[in-house]
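First comes the structure, then the notes that go with it.
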Amino acid sequence: MKTALQKFGKFLSAMVMPNIGAFIAWGFITALFIADGWLPNEKLASIQPYMLTYLLPVLIAATGGRMVAKDRGLVMGAIAIMGCIAGVGGTKGQPMLMAAMVMGPFAGWVIKKFDQLMEGHMPAGFEMLINNFSVGIIGMLLAIFGYYFIGPVMTAILTVLAGGVTLLINHGLLPLVAIFVEPAKVLFLNNAINHGIFTPIGVEQAVETGKSIMYMLEANPGPGLGVLLAYWVFSKDKATKDSAPGAIIIHFLGGIHEIYFPYILMNPVVIIAPIVGNICAIAFFTLFNCGLKGPASPGSIIAFLSMAPKGETLMVLLGVLIATGVSFAVASPIIKLSSVKGKSLEEAQGQMQSMKAQAKGLVPANVLSAKKIVFACDAGMGSSAMGATKFRNRLKAVRPDLIVTNTSVDNIPADCDIAVVQTTLAERAAKSAPQAVLITIGNFLADPALDELFFQLSTGDPLMVEVEEPEEVEKTPESKDILKIEGIKLNQKSVSKEDAITAAGQLLADLGYVEESYIPAMLEREKIVTTYIGMGLAIPHGTTHESGIIKKTGIVLLQYPEGVDFGDEKAQLVIGIAGMGGEHMEVLSKVCVCMALEDEEVLDKMKTTDDKEWILKQLS
Numbered sequence: 007m008k009t010a011l012q013k014f015g016k017f018l019s020a021m022v023m024p025n026i027g028a029f030i031a032w033g034f035i036t037a038l039f040i041a042d043g044w045l046p047n048e049k050l051a052s053i054q055p056y057m058l059t060y061l062l063p064v065l066i067a068a069t070g071g072r073m074v075a076k077d078r079g080l081v082m083g084a085i086a087i088m089g090c091i092a093g094v095g096g097t098k099g100q101p102m103l104m105a106a107m108v109m110g111p112f113a114g115w116v117i118k119k120f121d122q123l124m125e126g127h128m129p130a131g132f133e134m135l136i137n138n139f140s141v142g143i144i145g146m147l148l149a150i151f152g153y154y155f156i157g158p159v160m161t162a163i164l165t166v167l168a169g170g171v172t173l174l175i176n177h178g179l180l181p182l183v184a185i186f187v188e189p190a191k192v193l194f195l196n197n198a199i200n201h202g203i204f205t206p207i208g209v210e211q212a213v214e215t216g217k218s219i220m221y222m223l224e225a226n227p228g229p230g231l232g233v234l235l236a237y238w239v240f241s242k243d244k245a246t247k248d249s250a251p252g253a254i255i256i257h258f259l260g261g262i263h264e265i266y267f268p269y270i271l272m273n274p275v276v277i278i279a280p281i282v283g284n285i286c287a288i289a290f291f292t293l294f295n296c297g298l299k300g301p302a303s304p305g306s307i308i309a310f311l312s313m314a315p316k317g318e319t320l321m322v323l324l325g326v327l328i329a330t331g332v333s334f335a336v337a338s339p340i341i342k343l344s345s346v347k348g349k350s351l352e353e354a355q356g357q358m359q360s361m362k363a364q365a366k367g368l369v370p371a372n373v374l375s376a377k378k379i380v381f382a383c384d385a386g387m388g389s390s391a392m393g394a395t396k397f398r399n400r401l402k403a404v405r406p407d408l409i410v411t412n413t414s415v416d417n418i419p420a421d422c423d424i425a426v427v428q429t430t431l432a433e434r435a436a437k438s439a440p441q442a443v444l445i446t447i448g449n450f451l452a453d454p455a456l457d458e459l460f461f462q463l464s465t466g467d468p469l470m471v472e473v474e475e476p477e478e479v480e481k482t483p484e485s486k487d488i489l490k491i492e493g494i495k496l497n498q499k500s501v502s503k504e505d506a507i508t509a510a511g512q513l514l515a516d517l518g519y520v521e522e523s524y525i526p527a528m529l530e531r532e533k534i535v536t537t538y539i540g541m542g543l544a545i546p547h548g549t550t551h552e553s554g555i556i557k558k559t560g561i562v563l564l565q566y567p568e569g570v571d572f573g574d575e576k577a578q579l580v581i582g583i584a585g586m587g588g589e590h591m592e593v594l595s596k597v598c599v600c601m602a603l604e605d606e607e608v609l610d611k612m613k614t615t616d617d618k619e620w621i622l623k624q625l626s
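Okay, here's the thing in C-alpha cells:
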C-alpha cells in the first residue's frame, strides 16, 4: 500500500516538479506587480492571469502526456487541456491545474493505445500522414471532451475542495492537517502533497484573495529545522550529532526537506515534534490571516520568505520560528531519553542485514567493475542530487573514471551499475533497476554503507563479512598497538612494486603482526586489483584475514621519495595493512581517508619527512 501511494504521489509530483520554475516566475510576477505588490505595475501585472490560465496548465498537461507517451503524448496533453481551459471560460474561470494532471496522462495513454493498435498495420509510405492526423483528430476529440466534461467536473471538485479548506479555517481545524502532512512527508509523499494537492487549491485561493495559506502547510522549513537542531544539541551518537549541522544548512537554506527524514526514521517517536510544530505554525498563520503569493519550492527559508506578501514578511518569519521552537522543544526530551552511545539501533540492524546479504551472496561483493553509480530519491532532485555531489567529490581523487549521477527512484537508467537509495525506497528501486547492485542508506550525509562502498571502490577490498555474533560489538584496536615506530621505514630506495609489497609484508611479520605466509596473500591481492589508490599512496594487504595467519591488527609504513611504479602511477608511500575481521576495515578507514585523502598537506609531508615521531603522531 505504501509503495503504491508513493508511486502515485511520485507520478503526480513528476508532472509539476519540472515546471516549478514557471510557478516561481508566476509567483514573483504576482508578488511584485499586482496592485498591492512590492512594485505595482498594471501592465506587467497583466502577464499574471495568462501564465496562470494557459501556461501552467499546458506545461503540466504536456509533461504528463510525455511521461506516458513521449513526444506524441506531450502534444496530445497540450491539445486536450485547452478544451478544459476554454470550457470554464479561460481567464474568467478557475485555473485548470488539476484538470491538467488528469487530461495530460489520459491523452498520452489514448495516443499510446492507438499507436499500439496501429503497430504492424500501417501502410508503407503513409506513416507520417497517419501519425500527424491521428494526433490532430484524437487531440481534437479529447479537447471537445475536456470542454464539455472534464473542465466543468474539475471546477466542481475545486469548488468543493476550496470550500472544505474554508470550512476548516472557519472552524479552526486547519492546523490538524499537520497530523497527516508530516508523516506523509517522511514516507516521501511530500512533493505529491505539496504540488499535487496544496498548490492547485492554493492557486485558486490566490486568484481570489491574492495569497493562500495552502502554500505554507508543507513547505514550512521550521518543523524539520527543530528536529535537526535537537539532534545536533542532544544526540549522544557522534555520527548523528556531527552530521546534523550540515543537514541543517541543506534543509533550511537549500530547501531539501528529505535530508531530515532519516533522523525521524531513526527514532519514529520523534515524528511528534514536527507534527506539533507545524500545528502551532498553521494555527499562527490562520489566526493572523497569513499566506504566500505563490508556491515556495524548494522549501527553503529563502523561497518561503520571497513569496511573502508585502508587509507580511516578519509574520511569515515568525511562523517559521514558532514551528522551529516548538519542534525543538518536543524533540529534545525524546532524543535525550532514547539516544545511546554508538550506532543507533536502526543503523546497526541495517548494517547487520547488509552484511548478511553480502555473506549469503545476495549482493555481489565486488563492485569494482561498476562504471555508473546513481543516487535516487523520490523526486530525483533534492536529497539524491546532494548525495551524488558529495560522493562524486569524495571519489574523484581515487576513481575519476566513475560516473556518479542522480535521478528519481522510478527512473533509474538501465546502465546503472550501483543504485544508492534510502531504505524506505528500496522496494521501488529494486523494481526500477533490477540489474543494479542496491545500496540502501539512512542518511545521505553520513552512512556506514556509503563508507563501505567508498572503500570497496577505492581499494578493491570486499565489504565486511558476516560476524558470527553480531550482537557483540568489536572494539577499535588501540592506535599504539597498530603502529610502532619500528614499523616506519623512511628514505627507501626505489624498487619494483612486488619488492615494495614484499618488504611491507616482511616488516609486518618481523614486528609480530602476521605469519610470513601473509606475504604471498598480499602479492595475490595486487594481482586481482591494484592497491594503489591515488595521490602517491598504496595500501597493500592480503586476500585473507584469518586469525591463524594474522596474529593481530597492525600497519607499517615505507617511504619511497623517488616512488615505486604501480602501473602508470608512482607511490611514494606504501602502507602495509593486516587486520583481523572487522578491524581490517577500521584500519583501512583510518589510514586511507581520515589521515591521507582528506588532508593533502599531511600526505605530501609524509612523502618526504625524516621525522618518524611526526608520522607516528599523524597515524595514531
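Under our numbering, the letters of the sequence shown match residues 7 to 626, in that order. C-beta atoms are modelled at their ideal positions from N, C-alpha and C, and glycine is treated no differently. None of the values given here were measured: they were computed from a predicted structure.
{"Check": "Can you find the residues in the same chain that come closer than 8 angstroms, C-beta to C-beta, to TYR56, ignoring five residues on each side of it along the sequence?", "Outcome": "THR97"}
{"Check": "Find the nearest neighbour of ILE285 within the set MET612, LEU259, SER333, judged by alpha-carbon distance.", "Outcome": "SER333"}
{"Check": "What are the start and end residues of the alpha helix (DSSP H) that includes GLY178?", "Outcome": "Looking at the DSSP string, GLY178 is not in any alpha helix (DSSP H), and its letter there is neither H nor E."}
{"Check": "Output needed for ALA506: all residues of its chain with C-beta closer than 6 angstroms, excluding positions within five of it in sequence on either side, in chain order.", "Outcome": "VAL570, VAL580"}
{"Check": "How many angstroms separate the CA atom of THR413 from the CA atom of SER523?", "Outcome": "47 angstroms"}
{"Check": "Taking 9 angstroms as the threshold (C-beta atoms), are VAL520 and GLY493 in contact?", "Outcome": "no"}
{"Check": "By how many angstroms is the C-alpha of LEU513 removed from the C-alpha of VAL562?", "Outcome": "7 angstroms"}
{"Check": "Contact between the segment 75 to 93 and the segment 111 to 121: three or more CB pairs below 8 angstroms?", "Outcome": "yes"}
{"Check": "Have a look at the DSSP bridge pairing and note the partners of GLN565.", "Outcome": "LEU579"}
{"Check": "When the Cα atoms are used, what is the spatial distance from ALA31 to TYR538?", "Outcome": "51 angstroms"}
{"Check": "Given this structure, state the Cα-to-Cα distance separating VAL410 from LEU193, to the nearest angstrom.", "Outcome": "25 angstroms"}
{"Check": "Tell me the DSSP secondary structure of GLN627 in three-state form.", "Outcome": "This structure cannot settle anything about residue 627, because the visible part of the chain is limited to 7 through 626."}
{"Check": "Between the segment 39 to 51 and the segment 222 to 237, do at least 3 Cβ pairs fall closer than 8 angstroms?", "Outcome": "no"}
{"Check": "Note down, in chain order, each residue of its chain lying with its Cβ closer than 8 angstroms to the Cβ of ALA436, except the 5 sequence neighbours on either side.", "Outcome": "LEU444"}
{"Check": "Hey, MET82 and ILE117: beta-carbon distance below 9 angstroms or not?", "Outcome": "yes"}
{"Check": "Could you please give the first and the last residue of the uninterrupted alpha helix (DSSP H) stretch that includes LYS342?", "Outcome": "319 to 344"}
{"Check": "Would you decide whether MET104 is buried or exposed? Buried here means 16 or more other CB atoms lie within 10 Å of its CB.", "Outcome": "buried"}
{"Check": "Taking the beta strand (DSSP E) that SER52 falls in, what are its first and last residues?", "Outcome": "Per DSSP, SER52 belongs to no beta strand (DSSP E) and is neither H nor E."}
{"Check": "Give a yes or no on whether the C-beta atoms belonging to THR59 and ILE26 are separated by under 9 angstroms.", "Outcome": "no"}
{"Check": "Any idea what DSSP makes of VAL520, helix, strand or coil?", "Outcome": "strand"}
{"Check": "Rounded to a whole number of angstroms, what is the C-alpha to C-alpha distance between LYS316 and PRO181?", "Outcome": "24 angstroms"}
{"Check": "For THR615, which three-state DSSP category applies?", "Outcome": "coil"}
{"Check": "Give the DSSP-derived three-state secondary structure of CYS422 in the structure shown.", "Outcome": "coil"}
{"Check": "How would you label TRP238, buried or exposed, when you count the other beta carbons within 10 angstroms and need 16 or more for buried?", "Outcome": "buried"}
{"Check": "Distance, Cα to Cα, LYS247 vs SER241?", "Outcome": "6 angstroms"}
{"Check": "For ILE308, collect the residues of the same chain with a Cβ closer than 8 angstroms to its Cβ; drop the 5 residues on either side in sequence, then sort them by chain order.", "Outcome": "LEU259, GLY261"}
{"Check": "Which of the three DSSP states is assigned to HIS547 in this structure?", "Outcome": "strand"}
{"Check": "Quick check on GLY252: does DSSP put it in helix, strand or coil?", "Outcome": "helix"}
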